[in-house]
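Below: one structure, written as structure tokens.
Residue numbers (this note's numbering): 1 to 39.
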């Protein structure tokens, strides 16, 4: 049972990491667009 929760926690952390990195990429792209003409 403990293994199940450990797997679940790792999966959630991995998903969160992916969501955060995607958000950062989008944010960075938007910031770049504000400074220069965005295509």
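Just so you know, even glycine gets a beta-carbon here, dropped at the ideal spot from N, CA and C.
#1: Measuring straight from C-alpha to C-alpha, what distance separates residue 18 and residue 7?
#2: Going by beta carbon distance, what residues of the same chain come within less than 6 Å of residue 15, once the five residues before and after it are set aside?
#3: In angstroms with no decimal places, state the Cα-to-Cα distance between residue 13 and residue 20.
#4: Could you check where the alpha helix (DSSP H) with residue 36 kicks off and where it finishes?
Taking the structure as given:
#1: Within the chain shown, the letter at position 18 stands for residue 18. Within the chain shown, the letter at position 7 stands for residue 7. Approximately 17 Å between the Cα atoms of the pair.
#2: Along the chain shown, one-based indexing puts residue 15 at 15. Excluding sequence neighbours, residue 15 sits near nothing in its chain.
#3: On the chain shown, position 13 is the one that residue 13 refers to. On the chain shown, position 20 is the one that residue 20 refers to. One C-alpha to the other measures close to 10 Å.
#4: Sequence index remark: in the chain shown, residue 36 carries index 36 (1-based). First-last for residue 36: undefined, no H or E at that position.
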